[in-house]
Amino acid sequence: RVIHSIYSEKDFFFVHVDAQQAYASEKEREENEGKAKAALQAVLDIMAPMVAKGNMRVEPIFDVSWGGTSMLNAELAMAEALLEMGDWDYWINLSSTDYPLKPIDQLRDYLHDTKHWGYNYGWGAYQDPDDDEKNQGLKSTFVECEGHSFRVNDKFPIPRGVKLQGGSSWFVLGRPFVQWIDDCLAMGWHNRSSAGECSTVLMMLDYGQYKINFEEVFYQTVQANTGFCDIIMNEDLRFINWSKDRDDVHVGCMHWEEVDWCGNSPQVMTEDKFDEGRSKDDRFFSRKYESPVVFDYMDSVLGINTTSTMPEPLRTKMNSDNVLIEDPKGKNVAFAKVAYASSNQVNDDGKAFFSSNVLDGNMNTRWSSDHDDEAQWIVVKLDADDKPVCNITEVRLFWETAYAAVYDLQTSENGKDWKTVVKVTRENRKRPQTKKELTHVHAINDGKGAMMAGLKLRLKHRATRWGYSLWEIQAYGSCDGSVPGSVYRDAPTS
Numbered sequence: 002r003v004i005h006s007i008y009s010e011k012d013f014f015f016v017h018v019d020a021q022q023a024y025a026s027e028k029e030r031e032e033n034e035g036k037a038k039a040a041l042q043a044v045l046d047i048m049a050p051m052v053a054k055g056n057m058r059v060e061p062i063f064d065v066s067w068g069g070t071s072m073l074n075a076e077l078a079m080a081e082a083l084l085e086m087g088d089w090d091y092w093i094n095l096s097s098t099d100y101p102l103k104p105i106d107q108l109r110d111y112l113h114d115t116k117h118w119g120y121n122y123g124w125g126a127y128q129d130p131d132d133d134e135k136n137q138g139l140k141s142t143f144v145e146c147e148g149h150s151f152r153v154n155d156k157f158p159i160p161r162g163v164k165l166q167g168g169s170s171w172f173v174l175g176r177p178f179v180q181w182i183d184d185c186l187a188m189g190w191h192n193r194s195s196a197g198e199c200s201t202v203l204m205m206l207d208y209g210q211y212k213i214n215f216e217e218v219f220y221q222t223v224q225a226n227t228g229f230c231d232i233i234m235n236e237d238l239r240f241i242n243w244s245k246d247r248d249d250v251h252v253g254c255m256h257w258e259e260v261d262w263c264g265n266s267p268q269v270m271t272e273d274k275f276d277e278g279r280s281k282d283d284r285f286f287s288r289k290y291e292s293p294v295v296f297d298y299m300d301s302v303l304g305i306n307t308t309s310t311m312p313e314p315l316r317t318k319m320n321s322d323n324v325l326i327e328d329p330k331g332k333n334v335a336f337a338k339v340a341y342a343s344s345n346q347v348n349d350d351g352k353a354f355f356s357s358n359v360l361d362g363n364m365n366t367r368w369s370s371d372h373d374d375e376a377q378w379i380v381v382k383l384d385a386d387d388k389p390v391c392n393i394t395e396v397r398l399f400w401e402t403a404y405a406a407v408y409d410l411q412t413s414e415n416g417k418d419w420k421t422v423v424k425v426t427r428e429n430r431k432r433p434q435t436k437k438e439l440t441h442v443h444a445i446n447d448g449k450g451a452m453m454a455g456l457k458l459r460l461k462h463r464a465t466r467w468g469y470s471l472w473e474i475q476a477y478g479s480c481d482g483s484v485p486g487s488v489y490r491d492a493p494t495s
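Residue numbering for the sequence shown follows our numbering, beginning at 2 and increasing consecutively.
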């Protein structure tokens, strides 16, 4: 749908798909490799009419992982390919969860206006190398291996005399700048000492091979330290629905041991947010979108139909894949009840992450335990008198990236004796690859439900070196009408 929303024979397109998928075992490879190849072929088939017109290439180059240097390497390879495809003015990078806010011709008119023509667009800010909490881990060493990125303890010195600039991986870059970077790379690392300003490109590319999210730093830093510094526009022309309340998730992940895919992602866009973005004169793309309903609304506003030429089976599968999780049945009876836990993390600055946050209905507040595997747990008390008055059919756990790799979901009819109804292990639930997979949905008694007074998570093994952290716990079902609303607070641990 994204490609259909922006495609024009006036422009050139390079669609990148991951070259391969990393599998945990030979058995997993045998079970899934055929499906992966079929999925790739489906992409190639749907793009075939546009590829036939000569202005689109669809190719696997790298197996790209979040945070890894493979992202930057893939972008540079795509830039080289686009330069060979024909004449164009600007290179714009998009992801599969982006969508235009306005017809592409309006962006064309904006960039061709004399006030905007000839600039490179990309949001960035000075990265202080001495501020470890805000410099994106630029002093640390990161290694990408088998689809994941890892932080190692070795320090990696920042190149002398370089002003580090970065902040966003989304850009609109003019062809002269892109061509210059490609020419610099063609000189080769061995010529860096005599490459003039190209030495900055070669040096930063080598430096970035051992960094995290370096595609957010490379282009801005190269521009800030060369003759292109006068044509930088500190704006990426995007409208992104960031959550400003998600505390220190993005900062903290730079110091994890396994760091890929742990950043602060944008919030999912809604119809209202789409309209808000459209109202801004200098915003032309937005992200991220996941609901087919919102896609349909955007198409109607833009006056396009991005599914009309797709085969019915593909439309059906696409829509089912885009839905995050099925709508729950019943009411979330855990909302505003009582939660208490083995520990509540409190930072040095006094910021606390209480257990009550998991029942407040706010996906921007969370509970976090101490950074310890030892006897961590969290309890949701559904009845003030610990009576089994609620029939719960489904429990949903919305994990932060510091999730539990191994845990038991337990229920109780009296608030004292606990019965394990779900056991989660590394074998029956693989490491998440998407945000969707951090939402764990557990049917109770095959969806028939069970009467209970409360539920408990017995947390056994952490997935990160931090504590356990949950945005929300939801319990769906029904309770007797006599159940009073519990006081929203942290209960005593006794």
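Cβ coordinates follow ideal geometry from the N, Cα and C atoms, glycine included. As the structure is a prediction and not an experimental result, all values here were calculated from the model.
Contact belief for residue i with residue j at Cβ below 8 Å, rounded distance in angstroms
i           : j           : result
residue 165 : residue 222 : 6 Å
residue 17  : residue 60  : 7 Å
residue 406 : residue 372 : Rounded, the Cβ-Cβ distance is 15 Å, inconsistent with contact.
residue 101 : residue 285 : 6 Å
residue 6   : residue 308 : Actually they do not touch by this definition, with Cβ atoms about 11 Å apart.
residue 288 : residue 96  : 6 Å
Those residues which DSSP pairs with residue i across a bridge
i           : result
residue 61  : 18
residue 392 : 452, 479
residue 379 : 342, 458
residue 209 : Partner(s): none; residue 209 has no beta bridge.
residue 149 : 146
residue 398 : 441, 474
residue 370 : None, per the DSSP bridge assignment.
residue 234 : 122
residue 385 : Beta-bridge pairing links residue 385 to no other residue.
residue 353 : 347
Segment limits, beta strand (DSSP E) that includes residue i
i           : result
residue 409 : 405-413
residue 465 : Unbroken run through residue 465: none, as it is neither H nor E.
residue 121 : 121-127
residue 145 : 141-146
residue 425 : 420-425
residue 284 : Residue 284 -> no beta strand (DSSP E), and no H or E assigned at all.
residue 92  : 91-93
residue 305 : It is not in any beta strand (DSSP E) - residue 305 carries neither H nor E in the DSSP assignment.
residue 239 : 239-241
Start and end residues, alpha helix (DSSP H) containing residue i
i           : result
residue 279 : 272-279
residue 111 : 105-113
residue 184 : 176-188
residue 441 : Counting along the chain, residue 441 falls outside any alpha helix (DSSP H), though it belongs to the beta strand (DSSP E) covering 440-444.
residue 8   : Here residue 8 belongs to no alpha helix (DSSP H), and DSSP marks it neither H nor E.
residue 100 : Note, residue 100: premise wrong, no alpha helix (DSSP H); beta strand (DSSP E) at 99-101.
residue 219 : 219-225
residue 71  : 71-86
Close Cβ partners of residue i (< 7 Å) along its chain, the five nearest in sequence each way excluded
i           : result
residue 187 : none
residue 304 : none
residue 72  : 65, 216
residue 229 : 121, 178
residue 232 : 119, 120, 121
residue 208 : 160
residue 145 : 66, 69, 70, 71
residue 9   : 105
residue 450 : 392, 393, 394, 478
residue 356 : 340, 341, 342, 345, 368, 379, 491
Own chain partners of residue i with C-beta closer than 8 Å, once the 5 adjacent residues on each side are dropped
i           : result
residue 237 : 122, 123, 124, 169, 171, 172, 173
residue 353 : 345, 346, 347
residue 210 : 70
residue 91  : 112, 173, 174, 175, 176
residue 298 : 272, 275
residue 87  : 13, 56
Cβ-heavy atom distance, residue i to the ligand COA, below 7 Å
i           : result
residue 104 : This structure lacks the ligand COA, and indeed carries no ligand of any kind.
Same chain, Cβ closer than 6 Å to residue i, neighbours up to 5 away in sequence not counted
i           : result
residue 296 : 2
residue 48  : 59
residue 369 : 346, 354, 468, 470
residue 416 : 387, 454, 455
residue 4   : none
residue 57  : 14, 51
residue 93  : 173
residue 142 : 153, 155, 157, 211
* Any 3 or more C-beta pairs closer than 8 Å across the region 334-351 and the region 458-477 -> Flag = yes, the region 334-351 and the region 458-477 touch.
* **Touch test, the region 381-391 against the region 450-461, Cβ-Cβ under 8 Å, three pairs minimum** => Cβ pair count under 8 Å is three or more, so yes.
* To do: Spell out a yes or no on whether the region 415-427 and the region 436-446 are touching, meaning 3 or more CB-CB pairs, one atom from each, closer than 8 Å.
  => With a cut-off of 8 Å, the region 436-446 and the region 415-427 count as touching, because enough Cβ pairs lie within range.
* To do: Check whether the region 106-116 touches the region 196-210, taking contact to mean three or more Cβ pairs, one atom from each stretch, closer than 8 Å.
  => Output reads no: the region 196-210 does not touch the region 106-116.
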